[in-house]
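Accompanying notes for the structure given below.
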């Protein structure tokens, strides 16, 4: 039995798997040191999982049927996905942090030059710096 390490997309630290989860909205990997709105104050990522609210949206997303609820498999107010982190705890979804790769795509789209031209300019500048 081995130990798995996962990297946090925000701080780049490698942590044990139980301390890192994936946001259910943007799919960023986050350690529990980097979550926001921390009303749970736990070091375990599973504590930040998605809570079942009974909404039609969640029922569709997680394929929850009436019979599942009737059998008690899903209860309002309990976790339905403890292998991930709910978007309310994600710094990217809550707009308190910037995902660098998405930011670069945003800049390229708003500068008005083709990506290939910007790449060529960047590589030329790097060549000049390296001599």
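Numbering (UniProt numbering), first residue to last: 1 to 131. Even glycine gets a Cβ: it sits at the ideal position worked out from N, Cα and C.
In the DSSP assignment, find the unbroken alpha helix (DSSP H) run with residue 101 in it and report its ends. To locate residue 101, count along the chain shown from 1; it is residue 101. Its alpha helix (DSSP H) spans residues 100 to 111.
Using CA coordinates, which residue listed in 90, 106, 101 is at the minimum distance from residue 25? Mapped onto the chain shown, residue 25 falls at position 25. With distances taken between Cα atoms, residue 25 lies closest to 90.
Which first and last residues belong to the alpha helix (DSSP H) in which residue 122 is found? Looking up residue 122 in the chain shown gives position 122. Start and end: 115 to 130.
Figure out for me which residue from 69, 37, 14 has the closest Cα to the Cα of residue 86. Sequence index remark: in the chain shown, residue 86 carries index 86 (1-based). When each option's Cα is compared against that of residue 86, the closest is 37.
How is residue 45 classed by DSSP in three states: helix, strand or coil? The residue you call residue 45 lines up with position 45 of the chain shown. Residue state, collapsed to three classes: helix.
Does DSSP put residue 69 in a helix, in a strand, or in coil? Residue 69 sits at position 69 when you count from the first residue of the chain shown. In the three-state scheme derived from DSSP, where H, G and I count as helix and E and B as strand, residue 69 is classed as helix.
Own chain residues within Cβ distance below 8 Å of residue 81, not counting five before or after: Walking along the chain shown from the start, residue 81 turns up at place 81. For residue 81, where only same-chain residues beyond five positions count, the Cβ hits under 8 Å are 24, 49, 50, 62.
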